[in-house]
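Residue numbers (the numbering used here): 155 to 703. Virtual Cβ for every residue (Gly too), placed ideally from N, Cα, C.
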């Protein structure tokens with residue numbers, strides 16, 4: 155699932171040590187150590203494990219987002235704007251914690267009696283926002299919506315190996331797999347595992363997610379949605395877990411990066427994630443609060459969306475990669491808060507792999523030092539001199555706009571004609587879900603965030619027919635390796651296969667890797683408690699935000 159997962163990127167993915175014996179949810183949690191807290195320690199910033207816990211309650215707080223969600227239907231929760239809001243309203247069977255580990259969610263126990271079966275025992279007495287009680291029927295219905303091809307769910311790929319989802323008790327659901335799938339139980343902590351009330355969703359029909367309620371179970375309910383302006387969430391006092399520390403949250407849609415920063419400086423908003431990189435220094439110096447950085451499991455890449463033009467020739471992709479000034483982009487586009495990389499996956503995603511596997515995964519990757527002479531020669535060999543490439547750009551933030559400009563500059567140095575196509579911030583998210591939005595575009599900047607702590611989350615994107623395989627790459631040997639890694643529950647053996655996938659993706663330059671980038675969050679002096687990690691995409695982070703004093 156993950157410009158910055160899914161994108162401003164897409165996400166659109168903990169790590170599990172799985173056995174074929176019965177595993178309790180507690181055992182799953184113990185097996186999930188998550189990435190090391192220094193997972194992105196190469197960045198020129200200090201990573202914080204968390205922000206100070208809240209000392210009291212609030213009547214309300216305000217939060218800045220760079221775009222308005224096109225919908226809050228969990229089927230399409232595949233980008234930052236949707237998930238930042240939805241994670242506080244709708245909950246999943248399992249939960250991604252602020253430490254990026256797996257924990258029980260709406261299922262208090264997950265067991266794996268055989269490699270092709272997962273059994274979820276649900277919490278009792280969990281109420282939906284309409285007051286009704288959650289049952290196994292609601293879970294079967296909710297997961298079934300993801301699997302229905304008529305719904306074109308962004309998370310449909312998660313269910314590719316699911317044979318059936320059935321009610322095996324009033325509070326028990328059994329998932330039968332066509333074959334073992336190490337990724338499926340991990341994704342049940344993302345929007346793929348969301349549970350909503352069957353009656354409420356059916357009553358809303360095609361309007362579900364765009365008006366009215368969401369009929370979920372989270373610590374907040376959906377309040378007023380002022381289209382083009384803001385979304386309000388109200389505390390749900392019937393919540394099964396710890397009560398939210400604020401009675402209300404207001405998400406303000408501020409598409410202009412300067413406007414978002416100014417709102418934080420003036421106190422018009424109390425905080426926000428995805429801080430514009432051009433504002434880092436200003437918020438540190440002038441901000442009435444604190445700018446934090448945390449593990450993001452995020453890499454900045456150039457997503458190759460079409461191989462019908464010049465990029466269909468590997469030599470052109472190699473040339474463009476060799477001409478990129480990655481260090482310059484990290485200094486300017488990421489304000490120094492990043493690390494140049496030739497890897498599509500973060501080092502933190504490999505935290506659970508043995509040392510030899512990690513070495514294999516990061517040996518002989520895409521060169522990151524510019525080599526203009528070699529790049530020019532490759533363009534000439536490919537007969538691509540003077541050919542045109544179109545790169546999407548946006549004013550979402552300078553991480554997007556300056557990367558697009560860097561590509562244009564690189565092209566000019568080696569004989570390629572790179573044209574920029576400006577996409578409005580609210581429309582940029584459509585690049586991840588709508589093929590028509592990508593028409594005429596060869597590349598776009600994408601900061602891909604993992605939705606689970608497993609490198610296969612990204613590497614599976616290049617399997618034939620995968621959701622983010624926009625360029626249509628197809629290779630049977632690669633597909634076979636993805637299938638092998640998916641079916642392998644042992645993390646060490648799976649990691650060895652994933653290292654081979656990483657090498658292939660690097661050699662073929664299926665996307666062009668640029669940098670690793672940590673998560674950023676700003677909190678003014680009146681609020682605290684928000685997690686610093688990318689967990690906020692699926693964890694009810696707003697419930698932890700309260701008074702700082």
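Mapping the DSSP letters down to three states, classify residue i as helix, strand or coil.
i	result
residue 526	helix
residue 591	helix
residue 388	strand
residue 449	coil
residue 694	coil
residue 703	coil
residue 299	helix
residue 620	coil
residue 606	coil
residue 427	strand
residue 689	helix
residue 275	strand
residue 767	What the structure shows of the chain is the stretch from 155 to 703, and residue 767 is not part of that stretch, so it cannot be assessed.
residue 312	helix
residue 383	coil
residue 318	strand
residue 574	strand
residue 267	strand
residue 237	helix
residue 331	strand
residue 405	strand
Keeping to the same chain, check which residues put their C-beta closer than 6 Å to that of residue i; ignore five residues upstream and five downstream.
i	result
residue 567	477 and 526
residue 429	674 and 676
residue 195	Since pLDDT at residue 195 reaches only 37, below the 50 mark, its modelled position is unreliable, and the value read off the structure follows with that caveat. Answer for residue 195: no residue qualifies.
residue 228	244, 345 and 348
residue 489	431 and 434
residue 508	646
Compare the beta carbon distance of residue i and residue j with 8 Å and say whether it is the shorter of the two.
i	j	result
residue 221	residue 587	no
residue 287	residue 293	no
residue 484	residue 215	no
residue 260	residue 245	yes
residue 643	residue 269	yes
residue 492	residue 262	no
residue 274	residue 327	yes
residue 599	residue 201	no
residue 656	residue 522	no
residue 426	residue 681	no
residue 467	residue 544	no
residue 370	residue 282	yes
residue 554	residue 565	no
residue 582	residue 199	no
residue 470	residue 538	yes
Excluding sequence positions up to five away, which residues of its chain have a Cβ less than 7 Å from the Cβ of residue i?
i	result
residue 624	457, 459 and 592
residue 334	269, 270, 641 and 643
residue 679	442, 443 and 702
residue 627	616 and 664
residue 278	325
Report back the beta-carbon spacing between residue i and residue j to the nearest angstrom; my notes put them in contact at under 8 Å.
i	j	result
residue 398	residue 702	Contact doesn't hold; Cβ gap of about 16 Å is too wide.
residue 432	residue 562	Between residue 562 and residue 432 the Cβ distance is about 19 Å, and since that is not below 8 Å, they are no contact.
residue 210	residue 700	6 Å
residue 250	residue 405	The pair is not a contact, with the Cβ atoms about 20 Å apart (cut-off 8 Å).
residue 585	residue 546	6 Å
residue 549	residue 410	7 Å
residue 472	residue 532	5 Å
residue 237	residue 691	4 Å
residue 497	residue 667	6 Å
residue 452	residue 601	5 Å
residue 224	residue 239	12 Å between Cβ atoms; not a contact.
residue 610	residue 639	5 Å
Whole angstroms are fine: how far does the CA of residue j sit from the CA of residue i?
i	j	result
residue 695	residue 373	10 Å
residue 653	residue 360	42 Å
residue 420	residue 408	14 Å
residue 450	residue 607	11 Å
residue 305	residue 665	28 Å
residue 135	residue 541	No information on residue 135 is available, as it lies outside the stretch 155 to 703 that the chain covers here.
residue 174	residue 342	Low confidence applies here, because residue 174 scores a pLDDT of 26, under 50, leaving its location unreliable and the question unanswered by this model.
residue 379	residue 386	6 Å
residue 412	residue 683	25 Å
residue 437	residue 318	50 Å
residue 234	residue 535	40 Å
residue 247	residue 620	24 Å
residue 187	residue 503	Since pLDDT at residue 187 reaches only 32, below the 50 mark, its modelled position is unreliable, and the value read off the structure follows with that caveat. In a straight line, the C-alpha of residue 187 is about 12 Å away from that of residue 503.
To which residues of the same chain is residue i closer than 8 Å at the C-beta, ignoring the five residues directly before and after it?
i	result
residue 181	Because residue 181 sits at a pLDDT of 32, beneath the cut-off of 50, its placement in the model cannot be relied upon, and the following sentence gives the value as read from the coordinates. Hits under 8 Å: none found.
residue 338	272, 312, 313, 315, 316, 329 and 331
Heavy atom of the ligand FMN less than 7 Å from the Cβ of residue i, yes or no?
i	result
residue 616	Because no ligand of any kind appears in the structure shown, any question about the ligand FMN cannot be addressed here.
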